[in-house]
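Since the structure comes first, as structure tokens, the remarks are kept for the end.
Protein chains: 2
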Amino acid sequence: MATSIADRAYGTIRADIVFGRLSPGARLRLDRLADVYGASVSTLREILSRLSSEGLVIAEGQRGFRVASVSPAGFEDVAAMRLLLETYALPLSFSAGDLEWESRVVAAHHKLAFMERRMLAGDQKDTELWKRYDREFHQSLIEACGSQTLLDLYGSVFDQYLRYQMVAVVFRGEIAAEEHRTLLDSVLTRNADRACAVLTQHVNGCVAYTLESGALV
Amino acid sequence: MATSIADRAYGTIRADIVFGRLSPGARLRLDRLADVYGASVSTLREILSRLSSEGLVIAEGQRGFRVASVSPAGFEDVAAMRLLLETYALPLSFSAGDLEWESRVVAAHHKLAFMERRMLAGDQKDTELWKRYDREFHQSLIEACGSQTLLDLYGSVFDQYLRYQMVAVVFRGEIAAEEHRTLLDSVLTRNADRACAVLTQHVNGCVAYTLESGALV
DNA sequence: ATTTTCAAAATATCAGATAATTTGATTAAT
DNA sequence: ATTAATCAAATTATCTGATATTTTGAAAAT
Chain A
844 MATSIADRAY
854 GTIRADIVFG
864 RLSPGARLRL
874 DRLADVYGAS
884 VSTLREILSR
894 LSSEGLVIAE
904 GQRGFRVASV
914 SPAGFEDVAA
924 MRLLLETYAL
934 PLSFSAGDLE
944 WESRVVAAHH
954 KLAFMERRML
964 AGDQKDTELW
974 KRYDREFHQS
984 LIEACGSQTL
994 LDLYGSVFDQ
1004 YLRYQMVAVV
1014 FRGEIAAEEH
1024 RTLLDSVLTR
1034 NADRACAVLT
1044 QHVNGCVAYT
1054 LESGALV
Chain B
844 MATSIADRAY
854 GTIRADIVFG
864 RLSPGARLRL
874 DRLADVYGAS
884 VSTLREILSR
894 LSSEGLVIAE
904 GQRGFRVASV
914 SPAGFEDVAA
924 MRLLLETYAL
934 PLSFSAGDLE
944 WESRVVAAHH
954 KLAFMERRML
964 AGDQKDTELW
974 KRYDREFHQS
984 LIEACGSQTL
994 LDLYGSVFDQ
1004 YLRYQMVAVV
1014 FRGEIAAEEH
1024 RTLLDSVLTR
1034 NADRACAVLT
1044 QHVNGCVAYT
1054 LESGALV
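Sequence order for the protein chains is A and B.
Residue 844 is where the first sequence starts when you use the working numbering, and the numbers rise one by one after that.
Residue 844 is where the second sequence starts when you use the working numbering, and the numbers rise one by one after that.
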């Protein structure tokens, strides 16, 4: 048994929230979850407690748990936080990253670009995998920043951001792909300023696009 | 019964970690904790899970929990994160805060200043209360920033920072008190730039002072 | 010294049980 | 007809005690 029951259920529930299979605001009844995820009520409570301090779940007094709700303001808030952390970390990572790091970025971009080409070709079924690669790429960009605290916070913020993106399954296709390529290029030329500028545009563009789509109203 | 058993125990354990009554690295044996904090093992696990996603506790595979350990690098890391969040939020709060907010800051500073005078007069026994007021003052400064996500992250980061300060019970007396006065004054004149500059000095000074004290080695 | 072995301790997880709270529907009162 | 009061069912919070794994540490063997 590689991982514990709790870890497995934690990962599944978390993904179910992030990818929208558990809708925003949905009540999370303990006994029902226990059935679905094959873990006991006590274990479930542990998991939901963890998720609630990550902001994906809300614990309401004596009224149990529910999936955190979404709002346009919430998206802008989370996006701003993502930008703050990521633009802070990018220059640090760019100046501290070695060849080992650089090649991890190249590898992450390779996977992401492959997926983007597939999506552009009309194959929309692996949205989830695509988003996973998106996350891994962005994470790899800042991985060499040297601050574990920042990377932890970023992980939590990114998944909240991701959930918003998924609520309105938005594929901005060539625009985003181009921005990702520019980001990769800035890594190879170690141009942190350019990377920050593109990233800001990347995130703000995505937020604007999503909000305009009306999916969050 | 105003608050639940879990909430009460959570608060107590958290304070015990932040204020050093539970030492960095100490193992947290479940049955022992259950005795001490008057909660069952299942409830304890819930609490420790929460604390572990806040970074105050480490969950080690199948080996239970322990208090997160400390290191000079960890302090610098957390301090940098605190500065990032706080200097980002200060200008926002300064421009969005109304009179209601301003008066909350004045009130928080009043309590903090009172405590600082007492500590300067040689009465070192209420260190914990002093730190609580310190926290409340800084929290109040950014409270009007408009981002709940930021305030949540800040709360978690601040307590990690606080723990480092408490490990080396450092009272920088008049220096810190002066900086707090300057911060209050910047609120009243809405000078965010000055506030950020003072804050940066405040935090960096405290980190340097603590590291030099050798308490973290 | 290093490795192997094995019992004791601790953890992860579960399945009920109990008390307190919340929810919703029903009834009573304005 | 709306609001308020009432009450049983559902749900949660919490505990106890049980089982299966894992980890730990000491003793034995190499």
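In this text, a Cβ means the ideal position worked out from N, Cα and C, and glycines have one as well.
Owing to the predicted nature of the structure, the values given are computational and were not obtained by experimental measurement.
Rounded to the nearest angstrom, the Cβ distance from B/F918 to B/L1054 is 7 Å, consistent with a contact under 8 Å.
Straight across, the Cα-Cα distance linking B/S885 with A/S885 is about 6 Å. Chain-order list of chain B residues neighbouring A/G898: T992 and D995, by C-beta distance under 8 Å. When CB distances to chain A are screened at a threshold of 7 Å, the residues of the segment 907-923 of chain B falling below it are D920, V921 and A923, in chain order. Looking at the backbone, the Cα of A/G907 and that of A/A964 are separated by about 44 Å.
Where B/A852 is concerned, the enclosing alpha helix (DSSP H) starts and stops at I848 to V861. About 24 Å separates the beta carbons of A/L1059 and A/L996, which is beyond the 8 Å limit, so they are not a contact pair. If you draw a 10 Å sphere on the C-beta of B/F957, you find fewer than 16 other C-beta atoms in it, and that means exposed. The Cβ atoms of A/A877 and A/L887 sit closer than 8 Å to each other. In the DSSP assignment, A/V913 falls outside any alpha helix (DSSP H), carrying neither H nor E. Interface flag for B/L927 against chain A is set, since a Cβ pair is found closer than 8 Å.
In this chain, A/A1040 is not harboured by any beta strand (DSSP E); it is covered by the alpha helix (DSSP H) spanning A1035 to S1056. Counting only residues of its own chain and dropping the five nearest sequence neighbours on each side, A/R1037 has a CB closer than 6 Å to the CB of S1029.
DSSP places A/A869 in no alpha helix (DSSP H); its state is neither H nor E. If you look at A/V900, you'll find it in the beta strand (DSSP E) that goes V900 to A902. With 16 or more other Cβ atoms from the protein chains shown falling within 10 Å of its own Cβ, B/Q1008 counts as buried. Under the 8 Å criterion on CB atoms, B/R978 is classed as non-interfacial with respect to chain A. Taking 8 Å as the cut-off, the Cβ atoms of A/P867 and A/S896 do not count as close. Look at the beta carbons and you see the segment 1014-1034 of chain B touching the segment 931-948 of chain B: at least three pairs across the two are nearer than 8 Å. Less than 8 Å separates the beta-carbon of A/K974 from that of A/L1005.
Of the other Cβ atoms in all chains shown, fewer than 16 fall within 10 Å of the Cβ of A/E1017; this residue is therefore exposed.
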